[in-house]
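Participant: Here it is, the structure in full.
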Amino acid sequence: MSPMDAGPPLNDEQLMAAALAEARAAAALGEVPVGAVVARDGHIIARAHNTRETGRNATHHAELLAIDAACKALGGWRLWQCELFVTLEPCPMCAGAIVNSRIKRVVYGAKDEKAGCCGSVIDLFALPFNHRPRVEGGLMAAESTALLGAFFAQLREKLRKGEKKPWKKPQL
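So for the sequence shown, my numbering puts the first residue at 20; every next one is plus one.
This is the structure:
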């Protein structure tokens, strides 16, 4: 059974709820809790969460992993019929992947005042690239922000107590 055969289409809130479930999976691994799903016609094609620390890879952002999985699932790199739902405003690297994969719409939850490229730091989608997705921010922002806030509060508390970070820096 293909992802497209999996029942009735989901609405935006249900798709963001699936992204939040992915973010919670990231938090359970000690990763920054960001989750993403790629959907086509309301059906989830791919889902992913951050694995930068566990994968020891700077490119293991939820958006990039979900885009990669969607390309594999659909058999091509052009995701022009797809939408991306992500719990945190995309960074420059992820925004570039969104442009290059031709995703038609991006829906995010929480703003990222430090690295957000949908308007918080810069709006990369407003620049004259060959593709500009529609962007909607703030869907289930309170839930996304609370999850991120709880994660970082817990991390700060562990560091205050002298505990090591949940991940280990690689030896160079």
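Idealized CB from N, CA, C, for every residue including glycine.
Tell me the DSSP bridge mates of Asp142?
Facilitator: Cys137
Participant: Taking the Cβ atom as the reference point for each residue, do Leu93 and Ile64 lie within a distance shorter than 8 Å?
Facilitator: yes
Participant: Using alpha carbons as the reference points, say which of Ser139, Val126, Phe148, Ile141 lies closest to Met159.
Facilitator: Val126
Participant: Give the straight-line distance between the Cα atoms of Leu143 and Asn149, rounded to the nearest whole angstrom.
Facilitator: 12 Å
Participant: If you draw a straight line from the alpha carbon of His68 to that of Gly115, how long is it in whole angstroms?
Facilitator: Those two C-alpha atoms are separated by around 18 Å.
Participant: Rounded to whole angstroms, what is the Cα-Cα separation between Arg43 and Val51?
Facilitator: A straight line joining the alpha-carbon of Arg43 with that of Val51 spans about 9 Å.
Participant: Starting from the Cα of Leu39, find the closest Cα among Ala58, Val105, Gly138 and give me that residue.
Facilitator: Val105
Participant: From what residue to what residue does the beta strand (DSSP E) around Cys113 run?
Facilitator: From DSSP, Cys113 is part of no beta strand (DSSP E) but of the alpha helix (DSSP H) over 111 to 120.
Participant: Use the C-beta contact count for Ala46: other C-beta atoms within 10 angstroms, 16 or more gives buried, fewer gives exposed.
Facilitator: buried
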